[in-house]
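Numbering (mature numbering (1 follows the signal peptide of the UniProt record, and there is no 0)), first residue to last: -29 to -1, 1 to 400.
Glycine is no exception: its CB is placed at the ideal position from the N, C-alpha and C atoms.
The model shown is predicted, which means the values in this text are computed figures rather than measured ones.
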């Protein structure tokens, strides 16, 4: 009887040891999975309408904080105004009867297309576009400005953007239009405009409140300059200037907020915007007021907080050399690099592209300016760059699934328990 109790005690010890093993493995695996998830969340790209705003390796989504300063940075900053203040061209409420910023809409995959007549059909994807005639227009229905219209079609994950948009019967009349597949890195044909002067999409460069509410903006922003060069740099596809002065910024130029600028005392919304400008920077997309940064209107913005951005000056920014990010000049796919070079000037060829009218919106204390785009010319430019191999990206830990660890532990416990059971059966049968 004593031996029987001893064997049962030994079996209980085996069972307890197995239980501890299972719990330990589950705990360690869960911790590893949590850390991996946290790393992935920190690298999470931007989404809207259930669609990714381009792949994670797209130029818009790259952290450029470690890239070299462009050798002409000081010249570019001086031309845009080193003492001029940054301005959030978005906010809450209305200005001149319209929301402040560039609005966008999301429609379902079943949204029917409507005809669109373009003034510059040669550089526009033809309709139909799934854009209801009631879609919000930048600046409002009576605007004399750019009148951008942006629509994401969920399901298909296509982005439709139009410039100078006017409802017309059951469809639209627009200056130009562009369609983007948000799941690819495709660029416009070289030399083509889009709904923006640089031939870039507008939506990925907008500060959106939902991103700020989530705690981070994980992409570059869009900004304008009062005078630009007759040239563009990747990923831009088009310029809108007749001035060949190399000290003027080319379309597509990427600026970032200097790392030594202390942003700790700024209000929460503003601090998130400034953090994005340090990590991802901002891309020159149009002619307009210098250092005006684009965003989508939302009544949850705090205009007083956004107004604090005016304490940031042009001299707080530096131009970034992004030439080493280029993998293919005709694709927005990007990687990090360290080589430095100057922008490649454009070589003009054929017909003029749209002359567009820029619009200024403002926060609570606006100071409107008359802003005009300059005529653009289609160009042919060889922007292929020699680049080094990009450093490997950090990957999330490849932790085996929890159920594999649990299954292994249970198998060990079952084997141990089986051996104890067999020994007891043989001894006391």
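Take residue 62 and list the residues in its own chain whose beta-carbon comes closer than 6 Å to its own, dropping the five residues that flank it on each side.
71, 272, 274, 277 and 334
Which ranges would you report for the beta strand (DSSP E) in the region 258 to 304 if only whole runs of at least 3 residues count?
263 to 265 and 288 to 291
Cβ-Cβ distance between residue 213 and residue 149 below 8 Å
no
Own chain, CB closer than 7 Å to residue 144, minus 5 neighbours either side, in chain order:
88 and 137
Look at residue 470 and residue 209 and say whether their C-beta atoms are less than 8 Å apart.
Not covered by the structure: residue 470. The range shown for the chain is -29 to 400.
Would you identify the three-state DSSP class for residue 224, choosing helix, strand or coil?
coil
Length of the line joining the Cα atoms of residue 33 and residue 200
24 Å
Using the C-alpha atoms, what's the distance from residue 236 back to residue 160?
44 Å
Which residues in the same chain as residue 302 place their Cβ atom closer than 8 Å to its Cβ, once the five residues preceding and following it in sequence are excluded?
156, 157 and 158
Residue 28, DSSP secondary structure in three states:
coil
Between the CA atoms of residue 108 and residue 250 - distance to the nearest angstrom:
31 Å
Quick check: the Cα distance between residue 80 and residue 26, rounded to an integer number of angstroms?
20 Å
Residue 266 and residue 48 - do their beta-carbons sit closer together than 8 Å?
no
Which one or two residues does DSSP pair with residue 132 in a beta bridge?
121 and 149
By Cβ distance, which residues of its chain are closer than 6 Å to residue 293, with the 5 residues on each side in sequence left out?
225
Would you mind listing the alpha helix (DSSP H) stretches within the region 178 to 210 that are 4+ residues and don't spill past its ends, in chain order?
180 to 185
Within 10 angstroms of its Cβ, does residue 192 collect 16 or more other Cβ (buried), or is it exposed?
buried
Classify residue 181 as buried or exposed, calling it buried when 16 or more other Cβ atoms lie within 10 Å of its own Cβ.
exposed
Closer than 7 Å by C-beta to residue 106: which residues in its own chain qualify, once you throw out the five before and the five after it? Chain order, please.
76, 120 and 122
Burial state of residue 50 (16 or more Cβ within 10 Å)
buried
Quick check on the DSSP output: the beta strand (DSSP E) that includes residue 77 runs from which residue to which?
76 to 78
Burial state of residue 409 (16 or more Cβ within 10 Å):
What the structure shows of the chain is the stretch from -29 to 400, and residue 409 is not part of that stretch, so it cannot be assessed.
So residue 24 packs on residue 248, CB below 8 Å; how close in whole Å?
With a Cβ gap of about 17 Å, residue 24 and residue 248 do not count as contacting.
According to DSSP, residue 89 sits in a beta bridge with which residue or residues?
145
Three-state secondary structure assigned by DSSP to residue 73:
coil
Going by Cα to Cα distance, which pick from 186, 20 and 31 is closest to residue 172?
31
How should residue 270 be labelled, buried or exposed, when 16 other C-beta atoms within 10 angstroms of its C-beta is the threshold for buried?
exposed
Would the beta-carbon of residue 289 fall within 8 Å of that of residue 227?
yes
Selection from 296, 177, 116 and 282 that minimises the alpha carbon distance to residue 205:
296
Tell me whether residue 141 is buried or exposed, calling it buried when 16 or more other Cβ atoms sit within 10 Å of its Cβ.
exposed
Can you say whether residue 348 is buried or exposed, counting buried as having 16 or more other CB atoms within 10 angstroms of its CB?
Note that residue 348 has pLDDT 31, beneath the 50 cutoff, so the model's placement of it is unreliable and no number is given.
Measuring CB to CB, does residue 117 end up less than 8 Å from residue 305?
no
Express the C-alpha separation of residue 183 and residue 207 in angstroms, rounding to a whole number.
26 Å
Hey, residue 188 and residue 178: beta-carbon distance below 8 Å or not?
yes
Pick out whichever of 56, 170 and 124 has its Cα sitting closest to the Cα of residue 102.
124
Residue nearest to residue 153 in terms of C-alpha spacing, selected from 114, 147, 166 and 126
126
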